[in-house]
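Enquirer: Take this structure first; my questions come after.
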Ligand SMILES: Nc1ncnc2c1ncn2[C@@H]1O[C@H](COP(=O)(O)OP(=O)(O)OP(=O)(O)O)[C@@H](O)[C@H]1O
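In my numbering, the protein residues as written are 491 to 693.
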């Protein structure tokens, strides 16, 4: 798996946010995108996820010589972001079951419980999200993102609202992802620069 971004620009109306961004990321590598508020980190991640079109330039994912079809992107990408909404009236496990079914994944209840344990919610899987703290909700977003074992993991502000143990499991998830594929992290937190094989600074 390889990601190649070439001369990418993005704009909202007349305002240009990203200009001429180019990089390549190989399997096992982590790209950290840093920059002040409003510099375009989330915009770049949305473009990499295929959720938004660039104004110009290209994004291509390839496996060996085979260029992947952008329509397959949602099967390839795991996405964690503060604005990712889950169902507050459902429990943690019900949320995961719902999204697993929507994605057509054959995944057992035992595997869902394993995933919840992995993100530190083993005891709270049957509680409704309305009763979760913001850090617990952020943990569940990781379970959601990892459900389909995606080769590309896009993390927007990965440790926001997480405590020390939460930060440690995020580190473990990033380490595990190195075996599976690519990771792109958007952050303002200088402690997260240490994950970077490649650093992209936006201004
Ligand atoms: N849907 C939108 N419509 C218009 N402008 C937008 C939209 N989304 C983002 N912007 C603008 O694009 C710029 C970049 O926003 P973006 O959220 O990508 O930045 P960011 O670096 O992720 O910021 P932060 O660190 O605050 O999360 C900002 O000026 C923002 O106001």
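Glycine is no exception: its CB is placed at the ideal position from the N, C-alpha and C atoms.
Residue 491 and residue 648: beta carbons closer than 9 Å?
Expert: Working through the chain shown from its first residue, we reach residue 491 at position 1. Working through the chain shown from its first residue, we reach residue 648 at position 158. Contact: no.
Enquirer: Bridge partners for residue 664 per DSSP, in chain order?
Expert: As a working mapping, residue 664 is identified with position 174 in the chain shown. In the DSSP output, where bridge partners are listed per residue, residue 664 has none listed.
Enquirer: How would you call residue 543, buried or exposed, if buried means at least 16 neighbouring beta carbons within 10 angstroms?
Expert: Numbered from its first residue, the chain shown carries residue 543 at position 53. Flag for residue 543 reads exposed.
Enquirer: Check whether the Cβ of residue 509 sits closer than 8 Å to any heavy atom of ligand 1, and report yes or no.
Expert: The sequence position of residue 509 within the chain shown is 19, counting from 1. No.
Enquirer: Might you give, ordered along the chain, the residues of its own chain that have their beta carbon closer than 6 Å to the beta carbon of residue 552, omitting 5 neighbours on each side?
Expert: Start at 1 with the first residue of the chain shown, and residue 552 comes out as number 62. Cβ within range, chain order: 492.
Enquirer: Rank 678, 554, 639 by C-alpha distance to the C-alpha of residue 664 and give the top, closest one.
Expert: Residue numbering aside, residue 664 sits at position 174 when the chain shown is read from its first letter. That would be 639, whose Cα lies nearest to the Cα of residue 664.
Enquirer: Going by alpha carbons, who is nearest to residue 547 out of 554, 659, 538?
Expert: Taking the first residue of the chain shown as 1, we reach residue 547 at position 57. With distances taken between Cα atoms, residue 547 lies closest to 538.
Enquirer: Pull up the distance between the alpha-carbon of residue 761 and that of residue 692, whole angstroms please.
Expert: The structure shown has nothing for residue 761, since the chain only spans 491 to 693.
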